[in-house]
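Notes to accompany the following structure.
Protein chains: 2
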Amino acid sequence: MGIIPKALKALTLDLQRLPGIGPKSARRIAYYMFTLPQSRLEFLSQTIKELQQSVTVCQFCRLLSDTNPCEICGDSARNPLEICVVEDNMDVFAIEKAGTYKGVYFVLGGILSPAKGIGIDDIAISALQKRVNDVLKQKNNGTVEIILALSPSTEGQTTSLYIKELFAENEKVSVTRFAIGISVGSDLDYVDSFTLQEAMKGRIKVE
Amino acid sequence: MGIIPKALKALTLDLQRLPGIGPKSARRIAYYMFTLPQSRLEFLSQTIKELQQSVTVCQFCRLLSDTNPCEICGDSARNPLEICVVEDNMDVFAIEKAGTYKGVYFVLGGILSPAKGIGIDDIAISALQKRVNDVLKQKNNGTVEIILALSPSTEGQTTSLYIKELFAENEKVSVTRFAIGISVGSDLDYVDSFTLQEAMKGRIKVE
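For the protein sequence lines, the chains are V and L, in the order given. The first sequence maps to residues 1 to 207 in the numbering used here. The second sequence maps to residues 208 to 414 in the numbering used here.
So, in structure tokens, the structure goes:
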């Protein structure tokens, strides 16, 4: 629309390329930002500009962090022989929030997706392989458990399968995955058939 | 969470103060922005910093605009004697998108809300009064129609009533409001009682 000022239009277009922001909310946010004091806009502007400068990547788990190693890998109370493989940083926060996991993580930075053109070299699979070998070298006589916490989509399952095959020959590595099943508090009526099938397959003894 | 890098946390906190962005989507957006090329971050940073510099306010209708008067007020094909009063810029876009209105607008910049502490001096009511008088002076013997397009909430109705009273003594000004009724395509079953009452009250002859 020609009646939207150029600067607000430019900001709207930029905002609607961010995840989860549609054209309408982008416009609403742009107009809202216009009403903010210049000092707040400058602060936000500065934060965005310098975003990448102070942040580093943990050399062990590839989590974005202020320190290297990150807080988790640097914590001697965590078990480095349990490596939970996740797609991105957000997944680590979710599992940490659950609060019971005492191993470490490995952030793949994506999952295999032929449809989106994401292949083996686009995600950190060889880095995972190296990480596992390094841990095994350090902890002589130890065995590593790779816990796959990838989403139960076709892509997630393809990736899980690929990683399983990668370590199939190595008897010092076991590969497990998160259980698929019905969520706590969910209504059986609303659970999709695929999940129900998996929940049935993965049933365990009541104790 | 201590495991989120400071810069990403700062950006997340800033983003979640924007309308329609919750803590989780703010974090997702911040992490997404981290993956963008620095050039795009700098471009966005610059856009935000200079947001308020190139934009002006139309002296007639108070719409944010690149030009003063704005495109609508400057368009000789639009009727200045029909003034549609709206709460904010977004409302103008919605009505323009509908495409049939040929008058001009007046952006109040808010509606009266005792609960939120928004009084008469916080919105552009006196400017509206001045605008109507100016138009009447310019167009001798003309009459102005003020079309209230405020939301049918308590606040919107209070504001509408206040504006109606303001021009009650002026026989050259008529004040109308948008019809309240059921939306096109909506299911009667899902329409709230208040809207149904108003739709009943405002019924018109089938022609």
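Note that beta-carbon positions come from the ideal geometry of N, C-alpha and C, so glycine has one too. Only a predicted model underlies this, so the values are computations on that prediction, with no experimental measurement involved.
- DSSP places L:Gly363 in the uninterrupted alpha helix (DSSP H) bounded by Thr361 to Leu373.
- The beta carbons of V:Ala199 and V:Gly181 sit about 4 angstroms from each other, so the pair counts as a contact at 8 angstroms.
- The C-beta distance from L:Leu319 to L:Thr365 rounds to 5 angstroms, short enough to meet the 8 angstroms contact threshold.
- As a beta-bridge residue in DSSP terms, L:Arg384 pairs with L:Leu355.
- Below 8 angstroms, too few C-beta pairs join the segment 277-291 of chain L and the segment 42-59 of chain V to call them touching: fewer than three.
- Taking one beta carbon from each stretch, the segment 95-104 of chain V and the segment 116-123 of chain V have fewer than 3 pairs nearer than 8 angstroms; the two do not touch.
- Identification of chain L residues near V:Asp14 by a Cβ-Cβ cut-off of 7 angstroms yields Leu251 and Thr254, ordered along the chain.
- Membership of L:Tyr239 in the alpha helix (DSSP H) is indicated by the continuous run Pro230 to Phe241.
- Annotation: Cβ neighbours of L:Arg234 in chain V (cutoff 8 angstroms, chain order): Met90 and Phe93.
- Against chain V, the CB of L:Lys213 has a partner CB under 7 angstroms away; the residue lies at that interface.
- Neighbourhood of V:Pro19 in chain L, by CB distance below 8 angstroms: Ser232, Arg235, Ile236 and Tyr239, in chain order.
- Assignment of L:Val262 by DSSP, reduced to helix, strand and coil, places it in the coil class.
- In the three-state scheme derived from DSSP, where H, G and I count as helix and E and B as strand, L:Phe313 is classed as strand.
- Neighbours of V:Ala10 across chain L, judged by C-beta separation under 7 angstroms: Thr254.
- Comparing C-alpha distances from V:Ala115 to each of V:Thr154, V:Phe34 and V:Ser183 shows the shortest one belongs to V:Thr154.
- A distance of 7 angstroms or more separates the beta carbons of L:Glu414 and L:Ser381.
- Contact with chain V is found for L:Leu271, since one of that chain's Cβ atoms lies less than 7 angstroms from the residue's Cβ.
- Straight-line measurement puts the Cα of V:Gly103 at about 14 angstroms from the Cα of V:Leu63.
- The beta carbon of L:Gly349 lies closer than 6 angstroms to those of Leu288 in the same chain, with the five residues before and after it left out.
- If you check the CB distance, V:Phe106 and V:Leu128 come in under 7 angstroms.
- When C-alpha distances from V:Thr67 are compared across L:Ile211, L:Tyr239, L:Asp295 and L:Arg285, the shortest belongs to L:Ile211.
- A check of alpha carbon separations from L:Gly316 across L:Phe300, L:Asn296 and L:Ala214 identifies L:Asn296 as the nearest.
- By the CB criterion at 7 angstroms, V:Ala30 and V:Leu44 fall outside the cutoff.
- In the three-state reduction of the DSSP assignment, L:Ile325 falls in the strand class, which pools E and B.
- With respect to chain V, the C-beta atom of L:Leu357 has no partner C-beta closer than 7 angstroms.
- Residue contact with chain L for V:Val55: present (Cβ-Cβ distance below 7 angstroms to some residue of chain L).
- Residues of chain L with a Cβ closer than 8 angstroms to the Cβ of V:Glu50 are, in chain order, Ala214.
- A direct Cα-to-Cα measurement between V:Pro69 and V:Ala179 gives close to 29 angstroms.
- Looking at the DSSP output, L:Ser393 bridges to nothing.
- The C-alpha of L:Gly227 lies about 32 angstroms from the C-alpha of V:Cys58.
- In the assembly as shown, L:Glu294 is a buried residue. Its beta-carbon has 16 or more other beta-carbons within 10 Å.
- Beyond the five residues adjoining it in sequence on each side, V:Gly202 comes within less than 7 angstroms, by CB distance, of Ala179, Ile180 and Gly181 in the same chain, given in chain order.
- The three-state secondary structure of L:Asn286, taken from DSSP, is strand.
- Between L:Ala214 and V:Ser39, the C-beta gap is not smaller than 7 angstroms, which leaves the two residues out of contact.
- The C-alpha of V:Leu41 lies about 16 angstroms from the C-alpha of V:Ala26.
- Around L:Tyr369, the same chain offers Leu319, Ile327 and Ile332 as residues with beta carbons nearer than 8 angstroms, after the five sequence neighbours per side are excluded.
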